[in-house]
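To keep things clear, I will list the structure first and then write my remarks on it.
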Amino acid sequence: MALAQSKITAQGQISVPTAVRRKLGVGQGSVIEWAADGEQIVVRRAGRYPSTDVHQSLFATSPSPRSLNELTDGLRLAIKKRHARR
């Protein structure tokens, strides 16, 4: 059974019903992802940083143990690179 319905505007926009926003825990400014799952499309709340990005930032160069400061600096550098203005 459907949780809610939306209507698509001429510009291809939709409104996310209140019940769906509450269930996803999203509000104004939140980002949602659309994913194909076989014959269905899944809508989910986007994470700020996918776990693959965090793992790559932490373990890209070597698997040797690192200090907390090194980990923090690595994350900051990766985030700056990802969100740098082009």
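Note that the sequence shown ends on residue 92 in the numbering used here; no numbers are left out.
Here a beta-carbon is modelled for each residue, glycine too, at the ideal position from N, C-alpha and C.
Only a predicted model underlies this, so the values are computations on that prediction, with no experimental measurement involved.
Query raised in the report: Apart from the five residues just before and just after residue 84, which ones in its own chain have a Cβ nearer than 6 Å to its Cβ?
Result: 63
**Report entry** Close-in-space but distant-in-sequence residues of the same chain around residue 32 (CB under 7 Å, 5 per side omitted)
**Finding:** 38, 51
Query - residue 34, DSSP secondary structure in three states - result: coil
Query raised in the report: Cα-Cα, which of 9, 25, 88 is closest to residue 56?
Result: 88
Query raised in the report: Based on the DSSP secondary-structure assignment, which residues constitute the bridge partners of residue 51?
Result: 38
Report task. Determine the direct distance from the alpha carbon of residue 79 to that of residue 59, and round the result to whole angstroms. Result -> 15 Å
Query - First and last residue of the uninterrupted alpha helix (DSSP H) at residue 89 - result: From DSSP, residue 89 is part of no alpha helix (DSSP H); its letter is neither H nor E.
Query raised in the report: Pick from 10, 35, 41, 70: whose alpha carbon is nearest that of residue 26?
Result: 10
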